[in-house]
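**Student:** Numbering (full-length UniProt numbering), first residue to last: 1 to 339.
Where is the CB? At the ideal position from N, CA and C, for every residue including glycine.
Treat the numbers as computed from the prediction; the structure is a model and nothing was measured.
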Amino acid sequence: MPSLQHDFSLRSFNTFGIDANASSYLEITSSDDLFQVFNNPELMSQPRLVIGGGSNLLLTDHFSGLVLRMAMKGMNVEREDADAVYVRAAAGEKWHDLVSWTLEQGYGGLENLSWIPGTVGAAPVQNIGAYGSELKDCFHSLKAFDFRGGKVVELSKSDCQFAYRHSIFKTDFKDRFIILDVCFALPKAWKPNVAYAEVDKELAARKMANPTAADISRVIIDIRQRKLPDPAVTGNAGSFFKNPTVEAEKLLELKKDYPAMPSYEQPDGTYRLAAGWLIDQCGWKGKHYGNAGVCETQALVLVNRGNASGKEIAELSEAIKKDVFDTFGIRLEPEPVFV
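This is the structure in structure tokens:
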């Protein structure tokens, strides 16, 4: 087992760049490391936090417990059948490295999720999504370590109970399972997903009538780089709030006062609103809040302007939530996990 470290700085392991320490820290490079943790009563007695790239994490204080950082590596084509190629990737791989690797092999399916920060192991927890696609669309199964029984199990798509920015790992399976690797079924009969208006517009501007998966990936990377700050330069966790969903009656009421409000009908008849638009209408885009603030180009992104604490960013998020509720009667829900 890699060496256990104490009073360990997590600043380099959260994309907000928050300066917080962990009482104990252990890098996990194989499932054997987790078996050793499981068989160590002292380690098992501590509060536990599992991290990957720290791109969906807000550290509001030092963590008095054991931080396990997933650093397992490896990607390979496991098998194929008439319908799909099955690719398995270890939890510690960077998500975009997996997307790039699949495209280099000529496999489409993950291209709309290009340039999303974070790791493969963290992706199913959030059911990451962007530009009309979600992880669940190509998800097949995953392997996870069960801290309740001290064993490795395989979980199917139905086991994971995926929903919008949600999975069972946020509820019933929280603190029980650690994802070791993920298997994706990439379709052989690939079709481009260009339903998202911004992507379709960009493809048209580039005269790409029949885009490849790699073409779509390049377009999405360009869009994201224009709109979103680089965490290596300005600390952030990407989109900070989920896009809220409202009933049709609520939307009609809102449209009376805000006819330009963007809305997207869902299969169940509800409508998803753009959280960034709501925040922008409240005048938050580009605002400073102590050492924290809101991105100048995308109101959905909260940023660390230099030396912000996690508490400052949490306070900023509360102020935004209150303003949006007071203005629209809509409650915003943060995407990052507050620790």
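Whose C-alpha, out of R11, I18, L34, is nearest the C-alpha of L4?
**Tutor:** Of R11, I18, L34, the residue nearest in Cα terms is L34.
**Student:** Quick check on the burial criterion: 16 or more other C-beta atoms within 10 angstroms. Buried or exposed for N56?
**Tutor:** When all chains shown are included, N56 counts as buried.
**Student:** Is it buried or exposed for T119, if we count other Cβ within 10 angstroms and need 16 for buried?
**Tutor:** By the 10 Å Cβ count, T119 comes out buried.
**Student:** Leaving out five residues before and five after G290 in sequence, what residues of the same chain have Cβ atoms less than 6 Å from its Cβ?
**Tutor:** Closer than 6 Å at Cβ, skipping near neighbours: E312.
**Student:** Please check the pair S64 and P47, which I expect to be a contact at CB under 8 Å, by giving their CB distance rounded to whole angstroms.
**Tutor:** With a Cβ gap of about 7 Å, S64 and P47 count as contacting.
**Student:** Let me check one thing: in DSSP terms, what residues is Y264 bridge-paired to?
**Tutor:** R272, per the DSSP bridge assignment.
**Student:** Using CA coordinates, which residue listed in V85, S45, L66, H62 is at the minimum distance from E27?
**Tutor:** Comparing Cα positions, the closest option is L66.
**Student:** Following the continuous alpha helix (DSSP H) through C282, name the residue where it begins and the one where it ends.
**Tutor:** That residue, C282, is in no alpha helix (DSSP H); it is neither H nor E in DSSP.
**Student:** With a CB to CB cut of under 8 Å and the five nearest residues on each side skipped, what residues in its chain are close to D200?
**Tutor:** For D200, where only same-chain residues beyond five positions count, the Cβ hits under 8 Å are V194.
**Student:** Taking C-beta to C-beta, are F177 and F184 nearer than 8 Å?
**Tutor:** Not a contact, by the Cβ cut-off of 8 Å.
**Student:** Where does G238 sit, in a helix, a strand or coil, going by DSSP?
**Tutor:** Strand, per DSSP.
**Student:** Distance check for K151 and F8, CA to CA, integer angstroms please.
**Tutor:** For F8 and K151, the distance between alpha carbons rounds to 28 Å.
**Student:** Given G306, which residues of its chain have a CB within under 7 Å of its CB, disregarding the five upstream and five downstream residues?
**Tutor:** So the list reads N291, once near-sequence residues are dropped.
**Student:** So the candidates are Y258, V324, G53, R79; which of them puts its Cα closest to the Cα of Q72?
**Tutor:** The sequence given here has Met at residue 72, not Gln. Residue G53 is the option with its Cα nearest to M72.
**Student:** Could you check if R226 is buried or exposed, using at least 16 other CB atoms within 10 Å of its CB as the buried criterion?
**Tutor:** Per the 10 Å Cβ criterion, exposed.
**Student:** Is it buried or exposed for D181, if we count other Cβ within 10 angstroms and need 16 for buried?
**Tutor:** So D181 counts as buried.
**Student:** What is the rounded straight-line gap between the Cα of V153 and the Cα of F240?
**Tutor:** Roughly 32 Å between the two C-alpha positions.
**Student:** Can you have a look at Q298 and say buried or exposed, based on whether 16 or more other CB atoms are within 10 angstroms of its CB?
**Tutor:** It is buried - the Cβ of Q298 has at least 16 other Cβ atoms within 10 Å.
**Student:** Of all the options N236, D323, I221, V99, which has the alpha carbon lying nearest to the alpha carbon of G310?
**Tutor:** Considering only alpha carbons, the answer is N236.
**Student:** What does G293 pair with, by DSSP beta-bridge criteria?
**Tutor:** Note: G293 sits in a beta bridge opposite H288, V303.
**Student:** Determine the closest residue to L110 out of C138, Y25, Y86, with distance taken between C-alpha atoms.
**Tutor:** Cα-wise, what sits closest to L110 is C138.
**Student:** If R165 and E335 are in contact, beta carbons under 8 Å, what's the gap, nearest whole angstrom?
**Tutor:** Contact holds; Cβ gap of about 6 Å.
**Student:** Is the segment 96-112 touching the segment 204-219, taking contact as three or more C-beta pairs under 8 Å?
**Tutor:** Counting Cβ pairs under 8 Å, three or more are found: they touch.
**Student:** What is the residue span of the alpha helix (DSSP H) that R11 lies within?
**Tutor:** Note, R11: premise wrong, no alpha helix (DSSP H); not H, not E.
**Student:** In the DSSP output, which residue or residues are listed as bridge partners for T119?
**Tutor:** Answer is K94.
**Student:** Can you name the residues that DSSP bridges to T245?
**Tutor:** For T245, which the question treats as bridged, DSSP gives the partners R272.
**Student:** Quick check: the Cα distance between S23 and L49, rounded to an integer number of angstroms?
**Tutor:** Taking the straight line joining both Cα atoms gives about 11 Å.
**Student:** The beta strand (DSSP E) that contains G329, what's its start and end?
**Tutor:** Segment: none, G329 is in no beta strand (DSSP E) and carries neither H nor E.
**Student:** So, at 6 Å on beta carbons, what are the nonlocal neighbours of A308 in its own chain, with the 5 sequence-adjacent residues on each side left out?
**Tutor:** Here the set comprises N291, A292.
**Student:** Got a sec, what are the start and stop residues for the beta strand (DSSP E) I179 sits in?
**Tutor:** Its beta strand (DSSP E) spans residues 177-187.
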